[in-house]
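Residue numbers (full-length UniProt numbering), protein chains in the order written: chain A, 1 to 126; chain B, 1 to 126. Worksheet: the structure to be examined is printed underneath.
Number of protein chains: 2
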Amino acid sequence: MKRRKTQSQEEILEILKDSNSALNHDMLQAKLTTKIDRATIYRVLNRFSDDGLVHKVIGDDGKQYFAFCLNCDKEKKQHSHNHFHFKCLKCGKVECLKNEIDVSLPKGYTTEAFNGLISGYCSNCS
Amino acid sequence: MKRRKTQSQEEILEILKDSNSALNHDMLQAKLTTKIDRATIYRVLNRFSDDGLVHKVIGDDGKQYFAFCLNCDKEKKQHSHNHFHFKCLKCGKVECLKNEIDVSLPKGYTTEAFNGLISGYCSNCS
DNA sequence: TATTTAATGCGACTTTATTGCATTAATATG
DNA sequence: CATATTAATGCAATAAAGTCGCATTAAATA
Numbered sequence: 001m002k003r004r005k006t007q008s009q010e011e012i013l014e015i016l017k018d019s020n021s022a023l024n025h026d027m028l029q030a031k032l033t034t035k036i037d038r039a040t041i042y043r044v045l046n047r048f049s050d051d052g053l054v055h056k057v058i059g060d061d062g063k064q065y066f067a068f069c070l071n072c073d074k075e076k077k078q079h080s081h082n083h084f085h086f087k088c089l090k091c092g093k094v095e096c097l098k099n100e101i102d103v104s105l106p107k108g109y110t111t112e113a114f115n116g117l118i119s120g121y122c123s124n125c126s
Numbered sequence: 001m002k003r004r005k006t007q008s009q010e011e012i013l014e015i016l017k018d019s020n021s022a023l024n025h026d027m028l029q030a031k032l033t034t035k036i037d038r039a040t041i042y043r044v045l046n047r048f049s050d051d052g053l054v055h056k057v058i059g060d061d062g063k064q065y066f067a068f069c070l071n072c073d074k075e076k077k078q079h080s081h082n083h084f085h086f087k088c089l090k091c092g093k094v095e096c097l098k099n100e101i102d103v104s105l106p107k108g109y110t111t112e113a114f115n116g117l118i119s120g121y122c123s124n125c126s
């Protein structure tokens, strides 16, 4: 199934690129100039996520947030379960912290997968 | 507002204690012998969570999971935003990893809050 | 035992997200 | 360039998770 370039996708991707924070459906829709259907928005976002173009994070509110992928290796599409995301509290930027984070568990514990969101200040904002 | 001891709460708490994994609403309801209303189950669970008796985790599926609190300091009720949870892939147990985890970020980055789920094997199962 | 009010059950409702299906339009093909 | 193919879209319906209002029930207390 080959992907096609469409107006909707371009605009949504542009918004995600311009935005420096992860957006949920509502936030994204609010930024749209064109009217794009809810379902389409979700489909575009999930397609991006599947393609490794953006990452999808589930917030504490249970909603899906999407952010343009900064540090992600686009070849490896196994996004969801092997890294943390970092969100800067000042500039709002969301990044992947793929293997840059050192997780040390209590002794006897071994890590298989981890994911979650770390909040703080990035190097530009701290 | 003083808490009252009720049948429903006892049964739900018992199930959470017996279960060694975090349960969502459906899973919990399936284990009930008595019929307890959806709304009640949610209210009981959130009450437990507010009281620091159980912890609430948002899964990757966006659903709320609840697990009896093993390592949590019941005095400090600020559960939600300052620790990771660890889930053992074998025995399914969910624990708080309050300050036992060493988070080291890329240089220049500072941590304010973190939460998420780490999967692996606990000391008993690894 | 009577009183107070926390907890429950029921139903309606909200929000988030997905799916089916007919239509539109992006790409490929001749 | 015209046409065929089918990915992408819009619309409506639906699903699923969770919350809320309100009348009722039943713990705790006096």
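Backbone N, C-alpha and C define an ideal beta-carbon position, used for all residues, glycine too. No experiment lies behind these values; they were computed from the predicted model shown.
If we count the other Cβ atoms within 10 Å of its Cβ and call it buried at 16 or more, is B:Q7 buried or exposed?
Against the second sequence, residue 7 of chain B aligns to sequence position 7. Looking at its Cβ environment, which holds fewer than 16 other Cβ atoms inside 10 Å, B:Q7 is exposed.
Mapping the DSSP letters down to three states, classify A:T6 as helix, strand or coil.
The residue you call residue 6 of chain A lines up with position 6 of the first sequence. Looking at A:T6 - three-state DSSP - the assignment turns out to be coil, as it is neither helix nor strand.
Exposed unless 16 or more other CB atoms sit within 10 angstroms - verdict on B:S49
Residue numbering aside, residue 49 of chain B sits at position 49 when the second sequence is read from its first letter. Residue environment: B:S49 is assigned as buried (16 or more neighbouring CB atoms within 10 Å of its CB, all protein chains considered).
Rounded to a whole number of angstroms, what is the C-alpha to C-alpha distance between A:N46 and A:K63?
Here residue 46 of chain A is taken as the residue at index 46 of the first sequence, counted from 1. Here residue 63 of chain A is taken as the residue at index 63 of the first sequence, counted from 1. Rounded to whole angstroms, A:N46 to A:K63 spans 13 Å at the Cα level.
Under 7 Å Cβ-Cβ, which residues of chain B neighbour A:L89?
One-based indexing of the first sequence puts residue 89 of chain A at position 89. Ordered by position in chain B, the residues that pass the 7 Å Cβ test against A:L89 are E112.
Could you check which residue in B:V54, B:A39 and B:R43 has the C-alpha nearest to that of B:E14?
Here residue 14 of chain B refers to the residue found at position 14 when the second sequence is read from its first residue. Measuring C-alpha to C-alpha distances from B:E14 to each of B:V54, B:A39 and B:R43 identifies B:V54 as the nearest.
Residue from B:A113, B:S119, B:G120 and B:H85 whose Cα sits closest to the Cα of A:S119
Your numbering for residue 119 of chain A matches position 119 in the first sequence. Here the closest residue by C-alpha is B:A113.
Counting only beta-carbon atoms, is B:F117 nearer than 8 Å to chain A?
Translated into positions along the second sequence, residue 117 of chain B becomes position 117. Before going on, a small fix: residue 117 of chain B reads as Leu here, not Phe. Taking Cβ atoms only, chain A reaches closer than 8 Å to B:L117, which makes this a yes.
Can you name the start and end residues of the beta strand (DSSP E) that B:S119 belongs to?
Position 119 of the second sequence, counted from the start, is the residue given in the question as residue 119 of chain B. Unbroken beta strand (DSSP E) run through B:S119: T110 to Y121.
Going by beta carbon distance, what residues of the same chain come within less than 7 Å of A:K90, once the five residues before and after it are set aside?
Position 90 of the first sequence, counted from the first residue, corresponds to residue 90 of chain A. Hits under 7 Å: Y121 and C125.
A:Q64 - partner residues in DSSP beta bridges:
In the first sequence, the residue the question calls residue 64 of chain A occupies position 64. Answer is A:I58.
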